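A.B. asks: Here's a structure for you.
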Amino acid sequence: MIDKIKTLPAISLTAGLLFACGATHTGQSGNSNVHFGNDSIPFNPIIRDKFTADPAALVHGDTVYLYTGHDEAPKGQSRYVMHDWLCYSSVDMMNWKEHKSPLSVKDFAWVKDDAWASQVTYRDNKFYWYVAVTHSTVPGKAIGVAVSDYPAGPFKDALGKALITNDMTTDAKISWDDIDPSVIIADDGQAYLFWGNTKCYYAKLKNNMIELDGPINTIDLPHFTEAPWVHKRKGWYYLSYAYQFPEKIAYAMSRNINGPWEYKGIINEIAGNSNTNHQSIIEFKGNSYFIYHNGALADAGGFHRSVCIEYLHYNKDGTISPIIMTSKGVRTQK
Ligand code: CA
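The working numbering numbers the first residue of the sequence shown as 6 and each following residue consecutively.
This is the structure in structure tokens:
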């Protein structure tokens with residue numbers, strides 16, 4: 006799979022979407038005069054003119070908004086160079102529209118750099134974007150929050166300072182444990198922020214979504230590395246996360262957002278040519294989706310990543326069937 010994709014020439018996003026649509030969906034794309042064989046170009050990765058990482062999807066109305074990081078390291082350099090976040094939207098998970106970058110590290114006066122993983126949520130007619138960054142004065146990583154009236158922004162710093170700084174958590178003796186925010190609003194309206202690296206932290210958020218509302222707690226999960234993502238379905242809370250390193254994706258389930266969490270196993274294996282994996286799980290128009298990143302484009306790798314999408318299937322008992330990563334992705338209905 007990887008070798009095949011690496012031989013492909015770089016193509017623009019628009020062209021990529023046309024390819025991705027395939028002959029069976031050219032009508033939906035509005036480019037019915039363009040036909041490609043279904044297997045000529047893989048659907049995954051879905052974005053081919055930029056390197057995109059750390060996907061976080063938000064379903065709002067009849068649209069999915071996909072927020073990603075943006076790998077910009079010069080070719081051949083194995084380091085994270087990430088200065089802004091990107092935003093795409095789709096009404097069918099197959100055709101994706103790129104929006105102008107709605108948020109940059111420069112939008113936070115207290116941020117040094119490093120637009121790392123993030124997630125957007127919606128509450129009371131506003132969109133809140135939780136981001137991991139490097140703090141300019143408090144040593145280590147930090148989590149900030151931006152706000153907008155619109156899902157594609159523009160967003161502005163909602164707080165004027167960090168929501169979480171490295172010194173607020175000391176369970177992990179590293180400077181990068183306060184990353185990878187994931188936010189969920191429980192059925193009773195209480196919002197929770199989850200985050201962490203090597204330790205999984207969580208805390209309540211006040212209704213204003215920009216202040217903690219209680220102590221920071223930890224959750225013990227087998228081989229937790231980073232990238233917690235919390236979602237709910239049919240009375241179950243799911244806490245998926247990056248497991249070991251290079252990363253697989255594992256998950257735990259609980260009837261209660263405060264646990265106890267029961268470990269349920271691996272749902273995604275190591276992503277091709279990438280030591281990170283970083284899942285986002287959503288329900289949209291009757292299907293469930295698993296969104297992650299790999300290093301499948303030409304000249305790609307763990308610092309030049311690309312977002313991919315697969316269907317996710319639940320078993321009758323609520324457990325998740327392992328994801329099978331493919332080039333075909335969700336190009337055609339399952
Ligand atoms: Ca810390």
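The beta-carbon is built from N, C-alpha and C at its ideal position, and this holds for glycine as well. Predicted, not measured: the structure shown is a model, and the values here were computed from it.
So which residues put a beta carbon under 7 angstroms from any heavy atom of ligand 1, going in chain order?
C.D. replies: 145, 171, 172, 173, 174, 175, 177, 182, 183
A.B. asks: So for residue 89, helix, strand or coil by DSSP?
C.D. replies: Translated into positions along the sequence shown, residue 89 becomes position 84. Three-state DSSP puts residue 89 in a strand.
A.B. asks: Taking the CB atoms as reference points, tell me whether residue 123 and residue 62 lie closer together than 8 angstroms.
C.D. replies: Against the sequence shown, residue 123 aligns to sequence position 118. Against the sequence shown, residue 62 aligns to sequence position 57. No, these two residues do not count as a Cβ contact at 8 angstroms.
A.B. asks: From 197, 265, 105, pick the residue whose C-alpha is nearest to that of residue 92; which is it?
C.D. replies: Here residue 92 is taken as the residue at index 87 of the sequence shown, counted from 1. Distances from the alpha-carbon of residue 92 to those of 197, 265, 105 put 105 closest.
A.B. asks: State the DSSP-derived secondary structure class of residue 97, mapped to helix, strand or coil.
C.D. replies: Residue 97 sits at position 92 when you count from the first residue of the sequence shown. Of the three classes helix, strand and coil, the one that applies to residue 97 here is coil, per DSSP.
A.B. asks: Quick one, which of 315, 258, 301 has its alpha-carbon nearest residue 273's?
C.D. replies: Residue mapping note: residue 273 aligns to position 268 of the sequence shown, counting from 1. The residue with the shortest Cα to Cα distance from residue 273 is 315.
A.B. asks: Residues bridged to residue 76 by DSSP?
C.D. replies: Within the sequence shown, residue 76 is the residue found at index 71, counting from 1. DSSP lists 56 as partners of residue 76.
A.B. asks: Report the rounded CA-to-CA distance for residue 51 versus residue 285, giving the unit in angstroms.
C.D. replies: Reading the sequence shown from its first residue, position 46 is the one you call residue 51. Reading the sequence shown from its first residue, position 280 is the one you call residue 285. So the alpha carbons of these two residues sit roughly 15 angstroms apart.
A.B. asks: In this structure, does DSSP put residue 323 in helix, strand or coil?
C.D. replies: Within the sequence shown, the letter at position 318 stands for residue 323. Of the three classes helix, strand and coil, the one that applies to residue 323 here is coil, per DSSP.
A.B. asks: Looking only at DSSP bridge pairs, what is residue 206 linked to?
C.D. replies: As a position in the sequence shown, residue 206 is number 201, starting the count at 1. 200, 223, per the DSSP bridge assignment.
A.B. asks: Beta carbon of residue 197, beta carbon of residue 226: below 8 angstroms?
C.D. replies: For the purposes of this step, residue 197 is taken as the residue at position 192 of the sequence shown. For the purposes of this step, residue 226 is taken as the residue at position 221 of the sequence shown. Note that the C-beta distance between residue 197 and residue 226 is not below 8 angstroms.
A.B. asks: What's the gap between the Cα of residue 283 and the Cα of residue 58?
C.D. replies: Here the question's residue 283 lines up with position 278 in the sequence shown. Here the question's residue 58 lines up with position 53 in the sequence shown. Roughly 8 angstroms between the two C-alpha positions.
A.B. asks: Would the stretch 129-137 count as touching the stretch 92-101 if we require 3 or more Cβ pairs under 8 angstroms?
C.D. replies: no
A.B. asks: Quick one, which of 149, 206, 277, 249 has its alpha-carbon nearest residue 214's?
C.D. replies: In the sequence shown, counting from the first residue as 1, residue 214 sits at position 209. Ranking the options by Cα distance to residue 214, first place goes to 149.
A.B. asks: Hey, out of 139, 82, 71, whose CA is closest to residue 307's CA?
C.D. replies: In the sequence shown, counting from the first residue as 1, residue 307 sits at position 302. Cα-wise, what sits closest to residue 307 is 82.
A.B. asks: Which of the three DSSP states, helix, strand or coil, is assigned to residue 258?
C.D. replies: Here residue 258 refers to the residue found at position 253 when the sequence shown is read from its first residue. The answer is strand: DSSP assigns residue 258 an E or B state.
A.B. asks: Take residue 318 and list the residues in its own chain whose beta-carbon comes closer than 8 angstroms to its own, dropping the five residues that flank it on each side.
C.D. replies: Within the sequence shown, numbered from 1, the residue matching residue 318 stands at position 313. For residue 318, where only same-chain residues beyond five positions count, the Cβ hits under 8 angstroms are 293, 325, 326.
A.B. asks: Find the nearest neighbour of residue 154 within the set 56, 288, 331, 65, judged by alpha-carbon distance.
C.D. replies: Here residue 154 refers to the residue found at position 149 of the sequence shown. Looking at the Cα atoms, 65 is the closest of the given residues.
A.B. asks: Check the C-beta distance from residue 181 over to residue 146 and give it rounded, since I have them as a contact under 8 angstroms.
C.D. replies: Sequence index remark: in the sequence shown, residue 181 carries index 176 (1-based). Sequence index remark: in the sequence shown, residue 146 carries index 141 (1-based). Indeed, because the Cβ distance is near 5 angstroms, the residues count as touching under 8 angstroms.
A.B. asks: Does DSSP classify residue 185 as helix, strand or coil?
C.D. replies: Here the question's residue 185 lines up with position 180 in the sequence shown. Reduced to three states, the DSSP call for residue 185 is coil.
A.B. asks: Grab the span of the beta strand (DSSP E) containing residue 152 for me, first residue to last.
C.D. replies: By 1-based counting over the sequence shown, the position of residue 152 is 147. Residue 152 -> beta strand (DSSP E) spans 146-153.
A.B. asks: What number of angstroms, rounded off, separates the C-alpha of residue 183 from the C-alpha of residue 201?
C.D. replies: Locating residue 183 in the sequence shown gives position 178, where the first residue counts as 1. Locating residue 201 in the sequence shown gives position 196, where the first residue counts as 1. Cα to Cα, the separation comes out at about 5 angstroms.
A.B. asks: Indicate the three-state DSSP secondary structure (helix, strand or coil) for residue 192 in the structure shown.
C.D. replies: Working through the sequence shown from its first residue, we reach residue 192 at position 187. Correct three-state label for residue 192: coil.
A.B. asks: Can you tell me which residues form a DSSP beta bridge with residue 287?
C.D. replies: Here the question's residue 287 lines up with position 282 in the sequence shown. Partner(s): 294.
A.B. asks: Could you tell me which residues DSSP puts in a beta bridge with residue 5?
C.D. replies: Since the first and last residues shown for the chain are 6 and 339, residue 5 lies out of range.
A.B. asks: Leaving out the 5 sequence neighbours to the left and right, which residues in its chain are closer than 8 angstroms to residue 219 when beta-carbon positions are compared?
C.D. replies: Taking the first residue of the sequence shown as 1, we reach residue 219 at position 214. Only 208, 209 meet the Cβ criterion.
A.B. asks: Could you check the C-alpha separation between residue 141 and residue 321 for me, to the nearest Å?
C.D. replies: If you number the sequence shown from 1, residue 141 lands on position 136. If you number the sequence shown from 1, residue 321 lands on position 316. If I take the Cα positions, the gap works out to 48 angstroms.
A.B. asks: Leaving out five residues before and five after residue 265 in sequence, what residues of the same chain have Cβ atoms less than 8 angstroms from its Cβ?
C.D. replies: Here residue 265 refers to the residue found at position 260 when the sequence shown is read from its first residue. Only 259 meet the Cβ criterion.
A.B. asks: Helix, strand or coil, according to DSSP, for residue 253 in the structure here?
C.D. replies: Your numbering for residue 253 matches position 248 in the sequence shown. Residue 253: strand per DSSP, three-state reduction.
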